[in-house]
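Down below is the structure, laid out as structure tokens.
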Amino acid sequence: MSADTYTHFDPSRTSGENADITCDHYNLFEQDVKLMKTLGMDTYRFSIAWSRVTPLGCRNDPVNEAGIAFYDRLIDALLANGITPSVTLYHWDVHQALYDRYKAFLNTDEFRADFERYARLCLSRFGDRVQSWVTFNEPYIISIFGHLNGTLAPGHCREVGTDTRTEPWRFGHTLILSRASVVALYAKEFQPSQKGRISIVLNGHFYEPYDASSQADIDACQTRLEFYIGWFGDPIFLGLDYPACMKEYLGDRLPSFTPEGLALLKATSGINSFYGMNHYSTKFARQLQRQSNGNSTFDDDWARNIDETAINSKAEEMGPVSITENGCPSPGEVDVKIAVADEFRQKYFGLYLDAISQAIYEDGIKIEGYYAWSLMDNFEWSSGYGPRFGIVHTDFQTLKRTPKGSANYLQETFTSRRKEKATL
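Structure representation (structure tokens):
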């Protein structure tokens, strides 16, 4: 089921909350763009809702011109205010109709054809003004949380009778091939004239060994990273097959690439212009007693486990890094006065930006972009309206926007860091 169906079908999954209105950016985007300009933003990353531009989703279904017109107005408003749009084609919102017709991602051929048609529509309508494209956002999350533990749409898990042994890996396989088809399409038909770039965004939890002196824990870290990042990163960025540890552990549960599929992956791997990395914190991993269960244990701390190693590790293999999401909730944000002060979030951003500076200036890593998650408090998927990640407070009753201290902090720190860079 789709994300909207998921929240309405069983409201208890999201504390009785849904995303029907949230920030109402659809109607208030003009004031939001003005706010972005006031805050000194020079780029804005957003996603296109597939169901808004083609409500039924399939390649022969009609286009919703009103939906196209909304994104035209948003893109034009951003550019008029000196803000560069960065557009994601898919951020977890597949149609209910595609699940009903052919189980969406679980039917590789059908989904791949429909996603390619949708991408072609967006690239042809918006590509004259959009220079930065992302195909999919965080494939690991939607594969595992949607088709293994069921905490995200479509809510598939063992308890509801779905085949969790194979579904996550089938989902990921479809996504990888669909992405490759769209990248090949972009490179052949649009990139020569539009001069834009395209890539994908992977979530980047980094892992350190629970016991740095334990070879077993060191090996557990590597295995966790291969499942977490290598699953998608190796085929997409390196043009390789799945990591060996995944193939060994999963056996025939993991789909195989055909020779044609591998050839397509190799042909499109070099077209990625950057490595999009969503990163929030670092975790610890250690080897469990049963080595074959594919899990790790970890501790997590928002502000403590920030290290430039997380950035360096994949940049060395996969190219220039763009930090496409980074942020945290701040304690006590139910009270608007505390929320606006958000000292915890400011500390977090400061530590993270220091780690980025270390990666750039001490380790020579090329980092070309940074996006805070998020502009406004919003609906955080299965967590509903509980955690607030925005640098702008949203009153979900009145829809009033109030910049938090972190918004001003980011504006000031980027201004000062750019001045420092200019003197180097």
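Everything in the sequence shown is counted per the working numbering, starting at 902 for the first residue and increasing by one. Ideal Cβ positions, reconstructed from N, Cα and C, are used throughout, including at glycine.
Residues that DSSP places opposite residue i in a beta bridge
i       : result
Thr1316 : Answer is none; Thr1316 lacks a bridge partner.
Gly1270 : Ser1223
Phe947  : Val988
Pro1304 : Val1293
Ser1033 : Ser987 and Arg1098
Tyr1176 : Val1222
Asn1050 : Cys1058
Met1277 : Val1293
Asn1038 : Val1102
Pairwise C-alpha distance: residue j and residue i
i       : j       : result
Thr923  : Arg1066 : 35 Å
Arg1246 : Lys1305 : 10 Å
His1074 : Phe1037 : 13 Å
Tyr1249 : Trp1274 : 12 Å
Leu866  : Ala1113 : The question about residue 866 has no answer, for the chain in this structure spans 902 to 1325.
Ser1170 : Met1219 : 10 Å
Ile976  : Ser1258 : 31 Å
Ile949  : Thr1063 : 29 Å
Trp993  : Ala904  : 7 Å
Arg1026 : Tyr1087 : 13 Å
Val1031 : Leu1300 : 28 Å
Leu1049 : Arg1059 : 7 Å
Lys1004 : Ile1137 : 24 Å
Arg914  : Glu1090 : 42 Å
Ala981  : Arg974  : 10 Å
Outcome for residue i when other beta-carbon atoms lying within 10 angstroms are tallied against a minimum of 16
i       : result
Lys1322 : exposed
Thr939  : exposed
Asn961  : exposed
Val1083 : buried
Arg1125 : buried
Arg1319 : exposed
Thr1183 : buried
Asp1118 : buried
Arg1187 : buried
Thr1324 : exposed
Gly983  : exposed
Gly1134 : buried
Tyr894  : There is no way to answer for residue 894, as the model of the chain reaches only from 902 to 1325.
Ser1317 : exposed
Ser916  : exposed
Glu931  : exposed
Tyr1143 : buried
Asn1179 : buried
Residue i CB to nearest heavy atom of the ligand FAD below 8 Å
i       : result
Glu1011 : With respect to the ligand FAD, the structure offers nothing, as it holds no ligand at all.
Exercise. Entirely within the segment 956-997 and at least 3 residues each: give me those beta strand (DSSP E) ranges in chain order.
Key: 985-991
Self-check item: the segment 1175-1184 touching the segment 1224-1233, judged by at least three CB pairs closer than 8 Å
Solution: yes
Quiz prompt | Touching by the beta-carbon criterion (3+ pairs, under 8 Å), the segment 1125-1137 and the segment 1035-1045 | solution = yes
Quiz item: In the segment 1110-1164, which residue ranges form an unbroken beta strand (DSSP E) of at least 3 residues, counting only runs that do not cross its ends?
Solution: none
Self-check item: Three or more C-beta pairs below 8 Å linking the segment 1149-1163 and the segment 1092-1101
Solution: no
Quiz item: Are there three or more Cβ pairs, one per stretch, closer than 8 Å when the segment 964-972 is compared with the segment 909-924?
Solution: no
Quiz item: So does the segment 1013-1029 actually touch the segment 940-960, counting three or more Cβ pairs closer than 8 Å?
Solution: yes
Quiz item: Which residue spans inside the segment 1242-1269 form an unbroken beta strand (DSSP E) run of at least 3?
Solution: none
Exercise. Decide if the segment 1286-1297 is in contact with the segment 1251-1269; the criterion is three or more beta carbon pairs, one per stretch, under 8 Å apart.
Key: no
Practice problem: Just list the alpha helix (DSSP H) runs in the segment 1067-1092, keeping only unbroken ones of 4 residues or longer that don't cross its boundaries, in chain order. | Solution: 1068-1086
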